[in-house]
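A.B. asks:
In this note's numbering, the protein residues as written are 51 to 231.
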């Protein structure tokens with residue numbers, strides 16, 4: 051499995067300068083609408099499964115996430131695959147194109163995210179997990195991470211120099227086992 055790199059995307063206009071259609075995520079109200087759209091698209095088939103207890107990664111995927119854990123800016127990776135019983139099996143890893151990346155924050159480009167979600171749907175996959183790193187802290191969700199976990203109800207893997215942990219926010223925050231095969 052070779053991770054795909056996020057590619058640049060030329061968005062159509064978006065206001066007075068571009069002349070094209072206005073993107074809904076360009077203003078505050080639109081950002082909220084965009085977040086709801088992403089949540090609807092990301093919602094795993096059948097809703098968030100309370101039965102998911104582990105995420106299964108290939109050795110190659112685990113090595114990639116481990117190497118990204120030590121970067122000095124927050125980066126994100128989209129992990130696609132399927133659910134099988136109480137496991138989320140990762141079959142495809144895509145390094146996300148971030149519109150914001152700093153030591154304390156990241157934002158996945160919304161156009162990139164929607165394109166990858168549509169692609170996964172065509173391939174019969176689901177977004178089963180999102181990875182990002184914490185260069186300055188432990189592998190535990192921040193307040194911002196918890197807000198993002200509400201919008202994107204998938205497993206969140208957080209890496210740092212202290213290691214990697216996976217979490218799911220359903221009726222509360224809980225740690226999810228990570229298995230490497």
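Backbone N, C-alpha and C fix where the C-beta goes; we use that ideal spot for every residue, glycine too.
Just checking, does the stretch 177 to 190 make contact with the stretch 208 to 219 on the three C-beta pairs under 8 Å criterion?
C.D. replies: Result yes; three or more Cβ-Cβ pairs closer than 8 Å.
A.B. asks: In whole angstroms, what separates the C-alpha of residue 190 from that of residue 215?
C.D. replies: Residue 190 and residue 215: Cα-Cα distance of roughly 7 Å.
A.B. asks: Run through the stretch 137 to 223 for me and flag every whole alpha helix (DSSP H) of 4 or more residues, listed as ranges in chain order.
C.D. replies: DSSP runs (the alpha helix (DSSP H)) wholly in the stretch 137 to 223: 160 to 173 and 193 to 201.
A.B. asks: Between which two residues does the beta strand (DSSP E) containing residue 128 stretch?
C.D. replies: Where residue 128 is concerned, the enclosing beta strand (DSSP E) stretches over 126 to 134.
A.B. asks: Residue 176 and residue 133: beta carbons closer than 9 Å?
C.D. replies: Yes, the Cβ-Cβ distance between residue 176 and residue 133 is below 9 Å.
A.B. asks: Rounded to a whole number of angstroms, what is the C-alpha to C-alpha distance between residue 235 and residue 137?
C.D. replies: Residue 235 cannot be examined here, being either before or after the span of the chain that is shown, 51 to 231.
A.B. asks: Decide if the stretch 163 to 179 is in contact with the stretch 191 to 200; the criterion is three or more beta carbon pairs, one per stretch, under 8 Å apart.
C.D. replies: Result no; under three Cβ-Cβ pairs closer than 8 Å.
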